[in-house]
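In the working numbering, the protein residues as written are 1 to 745. The C-beta atom is built at its ideal place from N, Cα and C for all residues, glycine as well.
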DNA sequence: GGGGGTAAGTTG
DNA sequence: AACTTACCCCCT
């Protein structure tokens, strides 16, 4: 019986079947194979093999060539991929494309040869490069069965300068002293990447090197590229901790980031001793570097992230199965890393919103890896300053290790009674103390730029984005108004377009520029730094202990910690809570806990400016017994989530309907909501549709609705009407949205 | 009748 | 995702 091979390509499509040529060995599951695709070839992964009838075989195109004899993706991962595809309602190929960092886009040497006796227009009697044929001809010959094809991975080559001849008498004249010097140096170092480099190193003009090459003493050659070095990070000492996680723990919360990691060390060492590797997942590059720095002096560590070059990732992937047990610290790109003896998965900062992939299948990587651990039947450890309610519910209270939380000093400044906006008199007073004592302070503003808006003081006019329902952010330094969503920029108008008043000024929330200006007013001659996406000042004087104030956005959380910060100011607490998401409070609390990481060795006074000093969240932050407060907070969240049927007690998917015309978006959203309600019946419910929080964005009007899966039936079936939708609006789905108002591109 | 743009359909 | 085909508008 002929064999059909199902091949998954890194495209947003399901797997496709190809016929295995009768003379070819059956490929193993998870191996890479090259298959014909449109008028060329593509590399995919073998996900299934099945016997088919001879008639069925006739309909299939032939597989071209296997690239591997061993699985490139572990067969255990294939079922996991399939499961992820179903739960995220996206094609399996799309999951593969977003999780596999290498291997499927290799450059290939593709050759063709005419079958014996075939009449073809070209001379294809021997293997020749496919570029001799036009794509149409290739397709035609394929269909007629006139050619055979073969491929191999193109070895990465680099062009180098090599010495060809030893210096001879002809070079030993005074006029050719430079050439002689260069050639002798080249023989000394054996090879160099360019003639220019030789000229630099031998300290001769480039023309001398050119002459050497012209006269055949040296020349360029393509040689196999050397293996790239794998990254290394400067070692760092972990703090000591009093409690360690054991086998019965499934989550760690509280403490500093480094303490949570330190509490895991005996567990990790135990895994390695048992011959098991551990996958340590991180949400961002800076945590990857920090984690690798801490671990590498204690145990064998490898890293994988988007910061590695293609060549580095390739080397990493190839060597991984042969390595001794190790700790792999990686971002989501390490999900499918072929660790043979994987014994545990650790998810650091498990609740981090950075784990939400912003495109493709929009996976939430924490959930995906919890699923992987279940598939592999290995333990999974969660760690975060404040566990996600989902995480806590999953592991259960009694499997949770609480580390003592850092002690905090908190002062709340009520902005409603203040006249000197955006700084309260309390903040000004402590800032003055910081200056007098030559200390360091960090002020966090809710946004970059000067202010949230520019408006007219005489009427109600506010500058708004022409593409979005948002006010334009005022950037004083560039004398510009810009939209932080769509990137629209314009110059500041001279007068109000509404009432022609010239009294235009900053309105609403103060950004880093505004705060910096106010601080400068109150603290003349004190060093002021800014740290946001627009302006990243060099903070090394502060690292060395010089005094100063940093005005920053949360971008500062990705900067190495500053020593002995004595004041931490949150200039507008309210914006954090203003987010229209059921996770807003939880995220705010987590941010508050993360702020302690800005200066872990100090105990800075945290000053919070707010218009709502009675907000219940502040009570949790003020509580003396932090551990108890956190437990109480999470219990409350879970209780409400249960009562109102929110995750983890129901699965939620967002459906976004967008169109250029607002009415179209609204009509199609209503239509889709009705279709969904009829389809879902009592298996779940449909909330909405309602206009998206920012209804017009990037020129599109969006409506959104939420589908709740109350019986864990899976969105694969519940969202069927969405899958089948072919109307005039653009529809996007986000399963498990982490920010319910966020626009889906 | 064709250049230039977008929308819709197909890929094994 | 990448690519082809269909279709529309505008201009010569």
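{"Query": "Length-filtered (4 minimum) alpha helix (DSSP H) runs lying within the segment 660 to 731", "Result": "662 to 680, 715 to 718 and 720 to 724"}
{"Query": "Between the CA atoms of residue 605 and residue 721 - distance to the nearest angstrom", "Result": "54 Å"}
{"Query": "Residues sharing a beta bridge with residue 248, DSSP", "Result": "Beta-bridge pairing links residue 248 to no other residue."}
{"Query": "Opening and closing residue of the alpha helix (DSSP H) in which residue 139 lies", "Result": "135 to 144"}
{"Query": "Touch test, the segment 478 to 495 against the segment 555 to 568, Cβ-Cβ under 8 Å, three pairs minimum", "Result": "no"}
{"Query": "Residues of its chain near residue 335, where Cβ-Cβ distance is below 6 Å and the 5 sequence neighbours each way are ignored", "Result": "99"}
{"Query": "Own chain residues within Cβ distance below 7 Å of residue 518, not counting five before or after", "Result": "422 and 423"}
{"Query": "Candidates 342, 179, 206 and 439: closest to residue 544 by CA position", "Result": "439"}
{"Query": "CB contact flag (residue 453, residue 508, <8 Å)", "Result": "yes"}
{"Query": "Sequence ranges, beta strand (DSSP E) only - wholly within the segment 573 to 611, length at least 3", "Result": "605 to 610"}
{"Query": "Cβ-Cβ distance between residue 675 and residue 729 below 8 Å", "Result": "no"}
{"Query": "The segment 556 to 564 in contact with the segment 427 to 445 per 3-pair CB rule at 8 Å", "Result": "yes"}
{"Query": "Cβ neighbours of residue 390 in the same chain (closer than 7 Å, five flanking residues each side left out)", "Result": "647 and 648"}
{"Query": "Beta strand (DSSP E) segment containing residue 223, residue limits", "Result": "218 to 224"}
{"Query": "Contact belief for residue 320 with residue 339 at Cβ below 8 Å, rounded distance in angstroms", "Result": "6 Å"}
{"Query": "Contact the segment 628 to 646 vs the segment 375 to 390: 3+ CB pairs below 8 Å", "Result": "yes"}
{"Query": "Beta strand (DSSP E) segment containing residue 480, residue limits", "Result": "480 to 482"}
{"Query": "Cut-off 6 Å between Cβ atoms - residues of its own chain near residue 656, not counting five sequence neighbours on either side", "Result": "702, 704, 732 and 744"}
{"Query": "Within the segment 76 to 119, ranges of the beta strand (DSSP E) (whole runs, at least 3 residues)", "Result": "108 to 114"}
{"Query": "Residue 296 in three-state terms, based on DSSP", "Result": "coil"}
{"Query": "Span separating the alpha-carbon of residue 240 from that of residue 268", "Result": "16 Å"}
{"Query": "3-residue-minimum beta strand (DSSP E) runs that sit fully inside the segment 339 to 387, ordered along the chain", "Result": "342 to 348 and 380 to 384"}
{"Query": "Contact check, residue 161 vs residue 217, beta carbons under 8 Å", "Result": "no"}
{"Query": "Meets three-Cβ-pair contact criterion under 8 Å: the segment 281 to 288 and the segment 344 to 361", "Result": "yes"}
{"Query": "Local conformation of residue 127 per DSSP, three classes", "Result": "coil"}
{"Query": "Residue 487 in three-state terms, based on DSSP", "Result": "coil"}
{"Query": "Same chain only: Cβ atoms within 6 Å of residue 348, ignoring 5 sequence neighbours per side", "Result": "282 and 383"}
{"Query": "Whether residue 129 touches residue 71 by CB criterion (8 Å)", "Result": "no"}
{"Query": "Residue 18 versus residue 344: straight-line alpha-carbon distance, rounded", "Result": "36 Å"}
{"Query": "Under the three-state DSSP convention, the category residue 34 falls into", "Result": "strand"}
{"Query": "Within 8 Å, strictly: CB atoms of residue 234 and residue 293", "Result": "yes"}
{"Query": "Whole-angstrom distance between residue 272 and residue 261, CA atom to CA atom", "Result": "16 Å"}
{"Query": "Spatial distance of residue 726 from residue 641 (CA atoms)", "Result": "34 Å"}
{"Query": "Proximity winner among 318, 373, 286 and 575, relative to residue 331 (alpha-carbon distances)", "Result": "286"}
{"Query": "DSSP state of residue 253 mapped onto helix, strand, coil", "Result": "strand"}
{"Query": "C-alpha gap between residue 527 and residue 82, whole angstroms", "Result": "56 Å"}
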